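Chemist: Here it is, the structure, as structure tokens.
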Amino acid sequence: MIRAVKGTRDILPPSSSVWNHVEAVARAVFRSYNYQEIRTPIFEETQLFLRGVGEETDIVTKEMYTFPDRGGESLTLRPENTASVIRAYIEHRLDQLPGLQKLYYIGPMFRRERPQKGRYRQFSQIGAEAIGSPSAMVDAEVIEMVAEVLTRCGLTGFSIDVNSVGCPACRPKFIEALRQRLESVAPQMCGDCQRRATTNPLRVLDCKVPEDQPIIDALPSIHEHLCADCAGHFELVKTLLSDRAIPYEVKPRLVRGLDYYTRTTFEFTHGALGAQNSILGGGRYDGLAEQLGSKVPAPGIGFSIGEDRLVMSIEETQPDTARPVLDLFLAPLGPAAVRHCAALAYDLRKKNTVVEVGADGRLKRVMETANKLAARYVLIVGENEMNAGAYALKDMASGEQTTVTREQLLARF
RNA sequence: GCGGUGUUAGCUCAGCCGGUAGAGCGCCUGAUUGUGGUUCAGGAUGUCACGGGUUCGAAUCCCGUACACCGCCCCA
């Protein structure tokens, strides 16, 4: 038997309707903030991600689906979408358009990691990018917007963590201070941290080993090293979030894994997800466009929601959300009624009524089928009904049966 | 990429120390002629994940592979 490849999966009903719901909610919220959809290719030149995501990141060093095209060019299945959006922004000179560019996307991403619950090799992200402004106003609006998406999806119990990772002016100084301090304390820490102390000092802050926590708490904080501009920016973001009564927590240790982040970073987590508790992540990337060859600066901020994880949280939190509606089930008795029902269904469906036509057979059997499909009403169409010009309409919930003419039926459904 | 647990009917699982498989749910059929949800009776379905080994004999023991899940790394 041929099975779906490792780390990929089929989204079947009724789960697929939850996916559709989530996407519809996101589109509606994005629209209300005046975002418009962008669709970029699912694969790009490998070079885009090397430069955009960062050569030293885990994504680039060990997780990309990279393959040579038949012409010899190296292509890569997109591991994330921000780099592609910025590439499109530059390529199509969107900086020449008036105002901020506010773009959203929904689609599959690919990372070759060891699969786990909530972690797949093909997964879907719902994301948005606001490009063209360095203002803290935009940061706060983006965080507000994504919180609104989760809330309107019916999700509760998520928490919002924010931080500032500084800018090219102040972050290197912080990293240097961190490195120096780690020289003395790292030997007392876990093996991973001893390694990180030299390879990636920022990662030490993310360590979850309980014994290391007191040591980490005593390490220098990024906030002591932010330059005046970065500190002011972060203060304003926090003030604006408070103005909106959005509950957030400052996590000085929140370090994101992509190289392009500057200043504001944020992450939403949810307890129902297990080890992969991050439901969405995002941040500001003021230097990314220039890194990708833009001649003009294009400061931006964005996020991406892990759609698989969002759907999973919703399904675990509220299990009975996905229930498709079947308005009317037509039960034909005899070949003539089958033709009659087909024509009737055609007219009803033009009005977007959800209609199913049963197979000809014993009424008992047809009723059983209608019941299993959870039909609201069943319309019985046999010789008697066709001769009389009136159908028997049964309310499946109450069991009551009434008589309706074709006109009455079309007016009602 | 590293470590661990698991893989038996469509689903959830049982199967003790090796003697070639079961339950519940679901599905199908019937309880006479045009009426569901309850009840009753009957029925179908598994190369016991795959490959190899030990054995007279393996779902049951051993090894390998695949996949899923848990933890690590990292992230969505």
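To convert, count from 1 in the first sequence and add 371; that's this note's numbering. Ideal placement from N, C-alpha and C gives every residue a C-beta, glycine not left out. As the structure is a prediction and not an experimental result, all values here were calculated from the model.
(1) Return yes when the Cβ of F639 is within less than 8 Å of the Cβ of V533, no when it is not.
(2) Report the option in G378, A746 and I650 whose CA atom is closest to the CA atom of G528.
(3) State the DSSP-derived secondary structure class of Q779, mapped to helix, strand or coil.
(4) Span of the alpha helix (DSSP H) holding P384?
(5) By the three-class DSSP mapping on this structure, what secondary structure does K473 have?
(6) When we look at the beta-carbon of M560 and count the other beta-carbons within 10 Å, is it buried (16 or more) or exposed?
(7) DSSP puts N534 in a beta bridge; with which residues?
(8) How would you call H596, buried or exposed, if buried means at least 16 neighbouring beta carbons within 10 angstroms?
(9) Measure the Cβ-Cβ separation of G478 and S455 and say whether it is below 8 Å.
(10) Here's the rule I'm using: 16 or more other beta-carbon atoms within 10 Å means buried, otherwise exposed. How should T447 be labelled?
(11) Quick check: what's the CA-CA separation for Q472 versus L465?
(12) Are the CB atoms of L781 and L699 within a distance shorter than 8 Å?
(13) Just to confirm the assignment: which complete beta strand (DSSP E) runs, minimum length 3, are found wholly within the segment 705-767?
(14) Please give the ranges of any beta strand (DSSP E) in the segment 478-548, keeping only runs that are unbroken, at least 3 residues long and fully inside the region.
(15) Helix or strand or just coil, what does DSSP make of L681?
(16) Tell me the DSSP secondary structure of G671 in three-state form.
(17) Quick check: what's the CA-CA separation for L553 versus V626?
(18) Among L659, E415 and R720, which one has its Cα closest to the Cα of R783?
(19) With 16 as the cutoff for other CB atoms within 10 Å, does N758 come out buried or exposed?
(20) In three-state terms, what does DSSP make of A702?
Modeler: Let's see:
(1) Within the first sequence, residue 533 is the residue found at index 162, counting from 1. Within the first sequence, residue 639 is the residue found at index 268, counting from 1. Taking 8 Å as the Cβ cut-off, V533 and F639 do not qualify as a contacting pair.
(2) Position 157 of the first sequence holds residue 528. Nearest of G378, A746 and I650 to G528, Cα basis: I650.
(3) Indexing the first sequence from 1 puts residue 779 at position 408. Helix at Q779.
(4) As a working note, residue 384 is residue 13 in the first sequence. Segment: none, P384 is in no alpha helix (DSSP H) and carries neither H nor E.
(5) Residue numbering aside, residue 473 sits at position 102 when the first sequence is read from its first letter. Three-state DSSP puts K473 in a strand.
(6) Residue mapping note: residue 560 aligns to position 189 of the first sequence, counting from 1. Label assigned to M560: buried.
(7) Counted from its first residue, the first sequence places residue 534 at position 163. Note: N534 sits in a beta bridge opposite T636.
(8) Within the first sequence, the letter at position 225 stands for residue 596. Buried, by the Cβ-count rule.
(9) Within the first sequence, numbered from 1, the residue matching residue 478 stands at position 107. Within the first sequence, numbered from 1, the residue matching residue 455 stands at position 84. No, they are not a contact pair.
(10) Counting from 1 along the first sequence, the entry for residue 447 is found at position 76. With 16 or more Cβ atoms within 10 Å of its Cβ, T447 is classed as buried.
(11) For the purposes of this step, residue 472 is taken as residue 101 along the first sequence, with counting starting at 1. For the purposes of this step, residue 465 is taken as residue 94 along the first sequence, with counting starting at 1. For Q472 and L465, the gap between their C-alpha atoms comes out near 7 Å.
(12) On the first sequence, position 328 is the one that residue 699 refers to. On the first sequence, position 410 is the one that residue 781 refers to. No, Cβ-Cβ distance for L699 and L781 is not below 8 Å.
(13) The segment 705-767 contains these whole beta strand (DSSP E) runs: 726-728, 746-752 and 761-766.
(14) Runs of the beta strand (DSSP E) inside the segment 478-548: 493-502 and 529-535.
(15) To locate residue 681, count along the first sequence from 1; it is residue 310. If DSSP states are grouped into helix, strand and coil, L681 belongs with the helices.
(16) For this step, residue 671 is matched to residue 300 along the first sequence. Of the three classes helix, strand and coil, the one that applies to G671 here is strand, per DSSP.
(17) Position 182 of the first sequence holds residue 553. Position 255 of the first sequence holds residue 626. Taking the straight line from one Cα to the other gives about 17 Å.
(18) Stepping through the first sequence from its first residue, residue 783 is reached at position 412. Nearest option by C-alpha distance: R720.
(19) As a working note, residue 758 is residue 387 in the first sequence. The residue is exposed, with fewer than 16 neighbouring Cβ atoms inside 10 Å.
(20) Position 331 of the first sequence, counted from the first residue, corresponds to residue 702. Strand.
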